[in-house]
Amino acid sequence: QKEVEQNSGPLSVPEGAIASLNCTYSDRGSQSFFWYRQYSGKSPELIMSIYSNGDKEDGRFTAQLNKASQYVSLLIRDSQPSDSATYLCAGWERDSSYKLIFGSGTRLLVRP
Amino acid sequence: DAMVIQNPRYQVTQFGKPVTLSCSQTLNHNVMYWYQQKSSQAPKLLFHYYDKDFNNEADTPDNFQSRRPNTSFCFLDIRSPGLGDAAMYLCATSRDRRDASSYNEQFFGPGTRLTVL
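Here it is, written out as structure tokens:
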């Protein structure tokens, strides 16, 4: 069973700090990963996708992928209270079904 | 704007009374998915369609059925809802199941919150 694992949190950071969210995965064949933000009672919203080793930046968000260590992370710079949400990490399962495997999510709390 | 639309946003049904949830998309994506999500849990895949090819997850109860009459629409039928079926039901789409690249992103609709009385 392919797995994506995340610390459930909550991760609490002060406003303006860097929030670091981490994810590990078991399927060495997985090649692309995604971060979704989910506010309470809402559906997941795709905020970052990453395919290559290294960093990918988009505004205040940076996704990092290390395939050798099977590790994905999301950094949120200048965290705002509006960033408080659950962040889901997901990766494609590379077998015939090609389904997205989700972690259970990390709850982020940004304190004003 | 291209998007995934779900109706209704909130559905209340009685124990055992059939219910149908709908999803439509203007992204022209090949793949449509149905997920069930309960509080503080990851989305759980129920089934997906690749074009008209239906793929059921092994642990999806027979109580859940789906139809995809055309590329744009997909329906989730719950034949006899139980109290345990109360959840958020999420529809999602992606361009091509076989393209496991960063461009094969999966997008979610707003969800339907199902309450079973």
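Protein chains in written order, with our numbering: chain L, 1 to 112; chain E, 113 to 229. Just so you know, even glycine gets a beta-carbon here, dropped at the ideal spot from N, CA and C. As the structure is a computational prediction, the values presented were derived from the model and not from experiment.
Would you decide whether residue i is buried or exposed? Buried here means 16 or more other CB atoms lie within 10 Å of its CB.
| i | result |
| --- | --- |
| residue 77 (chain E) | As shown, chain E starts at 113 and ends at 229. That puts residue 77 (chain E) outside it, with no answer to give. |
| residue 221 (chain E) | buried |
| residue 133 (chain E) | buried |
| residue 143 (chain L) | Absent from the model: residue 143 (chain L). The displayed extent of chain L is 1 to 112, so no value can be given. |
| residue 151 (chain E) | exposed |
| residue 193 (chain E) | buried |
| residue 55 (chain L) | exposed |
| residue 176 (chain E) | buried |
| residue 197 (chain E) | buried |
| residue 219 (chain E) | buried |
Once you ignore the five residues that flank residue i on each side, which residues in its own chain have a CB closer than 7 angstroms to its CB?
| i | result |
| --- | --- |
| residue 157 (chain E) | 145, 147 and 169 |
| residue 180 (chain E) | 144, 161, 164 and 186 |
| residue 89 (chain L) | 4, 6, 23, 33, 35, 72 and 103 |
| residue 99 (chain L) | 93 |
| residue 12 (chain L) | 109 and 111 |
Would you mind giving the Cβ-Cβ distance between residue i and residue j, rounded to the nearest angstrom? I have them listed as a contact below 8 angstroms.
| i | j | result |
| --- | --- | --- |
| residue 92 (chain L) | residue 30 (chain L) | 6 angstroms |
| residue 65 (chain L) | residue 50 (chain L) | 5 angstroms |
| residue 205 (chain E) | residue 139 (chain E) | 6 angstroms |
| residue 106 (chain L) | residue 21 (chain L) | 5 angstroms |
| residue 184 (chain E) | residue 137 (chain E) | 6 angstroms |
| residue 10 (chain L) | residue 108 (chain L) | 7 angstroms |
Grab me the residues of residue i's own chain with a C-beta within less than 6 angstroms of its C-beta, minus the 5 sequence neighbours each way, in chain order.
| i | result |
| --- | --- |
| residue 124 (chain E) | 227 |
| residue 67 (chain L) | 53 |
Report yes if the C-beta distance between residue i and residue j is below 9 angstroms; otherwise report no.
| i | j | result |
| --- | --- | --- |
| residue 82 (chain L) | residue 16 (chain L) | no |
| residue 201 (chain E) | residue 126 (chain E) | no |
Apart from the five residues just before and just after residue i, which ones in its own chain have a Cβ nearer than 8 angstroms to its Cβ?
| i | result |
| --- | --- |
| residue 131 (chain E) | 123, 125, 189, 190, 193 and 226 |
May I ask you to list, following chain order, the residues of the segment 58-88 of chain L that have a beta carbon less than 9 angstroms from some beta carbon of chain E? 86 and 88
Members of the segment 42-54 of chain L near chain E, C-beta cut-off 9 angstroms: 42, 43, 44, 45, 46, 49, 50, 51 and 52
Please name the residues in the segment 177-192 of chain E whose beta-carbon is closer than 8 angstroms to at least one beta-carbon of chain L, in chain order. none
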